[in-house]
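What follows is a single structure, written as structure tokens, with notes after it.
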Amino acid sequence: MDEEKSKKSEWHFWHPDHGAFAEGPLLALLGALIGVLTGIGAVGFHYLVALIHNLAILGIWDIHDHLHIHSPPSPWGWALPIVPALGGLLVIFLAHRFGSGVQGAGVSQVIEAAYTREGRMERSLALLRPLATAITIGTGGSAGREGPAMQFGAAITAWLDTLFTMPAPRRIHLLGCGVGAGIAAVFNAPLGGWFLAMEIIVPDWRPWTILSTLVATITASQISEFVFGNFHLLPAVTSVLASKAIDLPFFVILGAINALAAVLFIASLGAITQYSEKFLGNPYVRHALGMFLVGLLLLLCFALTGHYYLIGGSYAGIGDILRGEISAWGILLLLILLKLLATSLTIGSGGSGGIFSPSLFIGAGTGALYGLLLLHWHILSAKLMGLLALCGMAGMVAASTGALLSAPVMAVELTGSYEALLPAMLTSVTAFAIRRMLLSASIYTLPLRRHGLDVPENHYVIEQAKNDEKP
Numbered sequence: 002m003d004e005e006k007s008k009k010s011e012w013h014f015w016h017p018d019h020g021a022f023a024e025g026p027l028l029a030l031l032g033a034l035i036g037v038l039t040g041i042g043a044v045g046f047h048y049l050v051a052l053i054h055n056l057a058i059l060g061i062w063d064i065h066d067h068l069h070i071h072s073p074p075s076p077w078g079w080a081l082p083i084v085p086a087l088g089g090l091l092v093i094f095l096a097h098r099f100g101s102g103v104q105g106a107g108v109s110q111v112i113e114a115a116y117t118r119e120g121r122m123e124r125s126l127a128l129l130r131p132l133a134t135a136i137t138i139g140t141g142g143s144a145g146r147e148g149p150a151m152q153f154g155a156a157i158t159a160w161l162d163t164l165f166t167m168p169a170p171r172r173i174h175l176l177g178c179g180v181g182a183g184i185a186a187v188f189n190a191p192l193g194g195w196f197l198a199m200e201i202i203v204p205d206w207r208p209w210t211i212l213s214t215l216v217a218t219i220t221a222s223q224i225s226e227f228v229f230g231n232f233h234l235l236p237a238v239t240s241v242l243a244s245k246a247i248d249l250p251f252f253v254i255l256g257a258i259n260a261l262a263a264v265l266f267i268a269s270l271g272a273i274t275q276y277s278e279k280f281l282g283n284p285y286v287r288h289a290l291g292m293f294l295v296g297l298l299l300l301l302c303f304a305l306t307g308h309y310y311l312i313g314g315s316y317a318g319i320g321d322i323l324r325g326e327i328s329a330w331g332i333l334l335l336l337i338l339l340k341l342l343a344t345s346l347t348i349g350s351g352g353s354g355g356i357f358s359p360s361l362f363i364g365a366g367t368g369a370l371y372g373l374l375l376l377h378w379h380i381l382s383a384k385l386m387g388l389l390a391l392c393g394m395a396g397m398v399a400a401s402t403g404a405l406l407s408a409p410v411m412a413v414e415l416t417g418s419y420e421a422l423l424p425a426m427l428t429s430v431t432a433f434a435i436r437r438m439l440l441s442a443s444i445y446t447l448p449l450r451r452h453g454l455d456v457p458e459n460h461y462v463i464e465q466a467k468n469d470e471k472p
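Under the working numbering, the first residue of the sequence shown is numbered 2, with each subsequent residue one higher.
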């Protein structure tokens, strides 16, 4: 009886005998629905982060947040580290009350769901994950907004799965639609979001799968654009690659530097996660202490530079680097190390947030630092400084996350500097290849491997996809 009821609840659109004519339009419609819901969720998440940040850090009631502008000084002065520590306690309370899925970078949980649970995720994550990340970032944590937005989009699939039964490959595909829509909505980067979903989550590249995922990312980006306007999150890079092919080897070297920085980032995050779990057994103590240390780093950064460069995704700081407003190599090196450490403490001690944006900051700083050295040695023109920072972003993201295709596309979409695609691709390919030679796992798959789940990078997620209907 139960089996008959289950069969009746399964929509006939998924039946392989009905082919692509029935399934394809449904996939496109579901992609659009996921894009709309994810876009609306990303907008609400933006205002929630702004509200918590303004209340906790600035002591004012305001839901507006200008990501391109540095936060003014906090009125709490030297007591500022208490704020992220209190935020950490709230995040751990949510984790204990509703499950550990609200912690971490987010994408790792989506990969785990696709690889081990046939794409099934907890429905509560659609609401709880953005709340936990908003608390982490809003109270001063160093993490990105894109991770929870991607997980929010993926969790929508769990709600759709309650309406009708889906085969596992299609459920996983819709997870990918949500992931791509999430990052597209946050960054207004539909093409980059599509590439990220296709290479990290979605198990196949057949026409309707490709189309519906792209529909999801475009729709989510349009929702975000409707509210905030047609925007580029980061400033354009005015310098372009010289026509001489002799300049290209410099970007190969930059890719190698990015690979080393990515290995350091991954190792730092892993070490802090492991040692904090080992020596600080109580999760409340562990995360509160980690976030208190992040607060101290915020004070140090403000004392040395006049800005809280480490809060959230540090988009205003990335803008400063791309525009060449940070020209002291010592400050750049310090900011790279502080961002790496602050992000590792935020996520590694039990916080909630994305890895993508911190990777952008570290990569931009690495590229700019490399450019300053070349400029000091009179090897390269100063006109290429901004381009090196942009390509450093692409290389760092490709190396740390394994998003080889989406990293250069995302970098040029974020800035609108589409002419920089070639050197960004060259940097990304080099960084990805060298990191893979040094470390086989990405920052997303390494936590899973440490828990006994051997997830290959850029995998075809589930074996059943091979036997799925072929539209």
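C-beta: ideal position from N, C-alpha, C; glycine also.
Check for me: the alpha helix (DSSP H) holding Asn259 runs from which residue to which?
Here the question's residue 259 lines up with position 258 in the sequence shown. Note, Asn259: alpha helix (DSSP H), Leu249 to Phe280.
Which residue from Phe433, Ile444 and Leu87 puts its Cα closest to that of Thr344?
One-based indexing of the sequence shown puts residue 344 at position 343. Residue Ile444 is the option with its Cα nearest to Thr344.
Thinking C-alpha only, which one of Gly78, Leu297 and Leu175 is nearest Arg121?
The count along the sequence shown starts at 1 and reaches residue 121 at position 120. If we check each option's Cα against that of Arg121, Leu175 comes out closest.
Tell me the DSSP secondary structure of Ser360 in three-state form.
As a working note, residue 360 is residue 359 in the sequence shown. Ser360 falls in the helix class under three-state DSSP.
From what residue to what residue does the alpha helix (DSSP H) around Leu164 run?
Reading the sequence shown from its first residue, position 163 is the one you call residue 164. Unbroken alpha helix (DSSP H) run through Leu164: Glu147 to Leu164.
Given a cut-off of 9 Å on the beta-carbon distance, is the pair Ala365 and Gly393 in contact?
Numbered from its first residue, the sequence shown carries residue 365 at position 364. Numbered from its first residue, the sequence shown carries residue 393 at position 392. A contact, by the Cβ cut-off of 9 Å.
Helix, strand or coil at Gly318 [DSSP, three-state]
Counting from one through the sequence shown, the residue named residue 318 turns up at place 317. If DSSP states are grouped into helix, strand and coil, Gly318 belongs with the helices.
From the DSSP secondary-structure annotation, give me the bridge partner or partners of Ser353.
Stepping through the sequence shown from its first residue, residue 353 is reached at position 352. DSSP output for Ser353 lists Gly105 as bridge partner(s).
In the DSSP assignment, find the unbroken alpha helix (DSSP H) run with Trp77 in it and report its ends.
Position 76 of the sequence shown, counted from the first residue, corresponds to residue 77. That residue, Trp77, is in no alpha helix (DSSP H); it is neither H nor E in DSSP.
Select from Asn283, Pro191 and Ile157 the residue whose C-alpha is nearest the C-alpha of Gly417.
Here residue 417 refers to the residue found at position 416 when the sequence shown is read from its first residue. Closest by alpha carbon: Pro191.
With Leu95 and Ala133 assumed to form a contact (beta carbons below 8 Å), what rounded beta-carbon distance in angstroms separates them?
Within the sequence shown, numbered from 1, the residue matching residue 95 stands at position 94. Within the sequence shown, numbered from 1, the residue matching residue 133 stands at position 132. So it is a contact: roughly 5 Å between Cβ atoms.
Put Tyr371 into one of helix, strand or coil per three-state DSSP.
Position 370 of the sequence shown, counted from the start, is the residue given in the question as residue 371. Of the three classes helix, strand and coil, the one that applies to Tyr371 here is helix, per DSSP.
Please report the straight-line C-alpha distance between Gly42 and Leu161, rounded to a whole angstrom.
Walking along the sequence shown from the start, residue 42 turns up at place 41. Walking along the sequence shown from the start, residue 161 turns up at place 160. Here the C-alpha atom of Gly42 lies approximately 16 Å from the C-alpha atom of Leu161.
Does Gly453 pass the burial test, meaning 16 or more other C-beta atoms within 10 Å, or should it be called exposed?
Translated into the one-based positions of the sequence shown, residue 453 becomes position 452. Per the 10 Å Cβ criterion, exposed.
So, helix, strand or coil for Asn55, using DSSP?
As a first step, residue 55 must be located in the sequence shown, where it is residue number 54. Here Asn55 sits in helix by DSSP.
Which of helix, strand or coil DSSP assigns to Glu123:
Against the sequence shown, residue 123 aligns to sequence position 122. Correct three-state label for Glu123: coil.
Let me make sure I understand the geometry here. Which of Gln104, Ile112, Asp205 and Ala114 has the alpha-carbon closest to that of Arg130?
Within the sequence shown, residue 130 is the residue found at index 129, counting from 1. Considering only alpha carbons, the answer is Gln104.
Under 7 Å Cβ to Cβ from Leu536, same chain only, skipping five residues before and after it: list those, please.
Any answer about residue 536 is impossible in this case: the structure gives the chain only from 2 up to 472.
Going by CA-CA distance only, name the one from His288, Ile247 and Leu311 that's closest to Ile93.
One-based indexing of the sequence shown puts residue 93 at position 92. Looking at the Cα atoms, His288 is the closest of the given residues.
Simplified DSSP state of Leu406, which is helix, strand or coil
Position 405 of the sequence shown, counted from the first residue, corresponds to residue 406. The answer is coil: DSSP assigns Leu406 none of H, G, I, E or B.
Checking 9 Å against the spacing of the C-beta atoms, do Val84 and Ala57 come in under that value?
For the purposes of this step, residue 84 is taken as residue 83 along the sequence shown, with counting starting at 1. For the purposes of this step, residue 57 is taken as residue 56 along the sequence shown, with counting starting at 1. In contact: Val84 and Ala57 (Cβ atoms closer than 9 Å).
Residue burial classification, Trp79 (beta-carbon count within 10 angstroms, cutoff 16)
Translated into positions along the sequence shown, residue 79 becomes position 78. Exposed: under 16 other Cβ atoms inside 10 Å.
Which same chain residues end up closer than 7 Å to Gly181 when comparing Cβ atoms and leaving out the 5 residues on each side of it in sequence?
Position 180 of the sequence shown, counted from the first residue, corresponds to residue 181. Answer for Gly181: Gly194, Trp195, Leu197, Ala198, Thr214, Ala217 and Thr218, listed in chain order.
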